[in-house]
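S.K.:
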Amino acid sequence: MNYPSEKIKIKDGYIWIDNNKIPLLSGEFHFWRNTKKFWPRILNSIKDLGFKHITTYVEWNFHRITPDGTPVGQIEYDFTGKTDQQTNLKGYLNLLDERKDFWLS
Numbered sequence: 000m001n002y003p004s005e006k007i008k009i010k011d012g013y014i015w016i017d018n019n020k021i022p023l024l025s026g027e028f029h030f031w032r033n034t035k036k037f038w039p040r041i042l043n044s045i046k047d048l049g050f051k052h053i054t055t056y057v058e059w060n061f062h063r064i065t066p067d068g069t070p071v072g073q074i075e076y077d078f079t080g081k082t083d084q085q086t087n088l089k090g091y092l093n094l095l096d097e098r099k100d101f102w103l104s
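Mapping the sequence shown onto numbering that gives the first Met the number 0, position 51 (from 1) lands on 50, and the numbers just tick up by one.
(1) Using the DSSP secondary-structure output, state which residues sit across from residue 20 in a beta bridge.
(2) Report yes if the C-beta distance between residue 46 and residue 90 is below 9 Å; otherwise report no.
(3) Taking only three categories from DSSP, how would you classify residue 48?
(4) Quickly, what does DSSP pair residue 27 with across the bridge? List them, please.
(5) Give me whichever residues DSSP pairs with residue 102 in a beta bridge.
(6) Are the beta-carbon atoms belonging to residue 24 and residue 101 less than 9 Å from one another?
(7) Tell me residue 8's beta-bridge partners as DSSP assigns them.
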C-alpha cells in the first residue's frame with residue numbers, strides 16, 4: 000500500500016489513513032517456528048482476532064547454514080527455504096504481500 004505521507008497521521012493512539020482510524024495493535028508471528036503449510040491458517044487466526052499489523056523478526060541463527068567459527072565474510076544464510084521450508088523468509092514476505100490484509104512492522 001502506497002499513500003502520500005500527508006494522508007497518514009498518528010493521533011490518539013491510532014494510525015489515520017484517509018480519515019480511517021486503524022488501531023496501533025500488532026500480532027507477533029514467528030514464521031520460522033511453524034511449518035510453512037500452516038502459515039496461512041495462522042495468519043487467518045491473527046486477522047480474525049482483529050489485528051491489522053503483524054510483527055516478525057529474523058532468527059539469524061536458525062537461517063544460518065554455515066557452521067559456527069566460519070569467518071564473518073563467509074557466513075551463509077538460507078532465506079528461500081532451500082535447506083528447510085521454515086527458513087523461507089522470501090516466501091513468507093510474498094505471502095503477506097499477496098494477502099494485502101496486514102501491515103508488516
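Where is the CB? At the ideal position from N, CA and C, for every residue including glycine. Bear in mind that the values here come from a model prediction, so they are computed numbers and not experimental data.
M.R.: To lay it out plainly:
(1) 15
(2) no
(3) coil
(4) 54
(5) 52
(6) no
(7) 15
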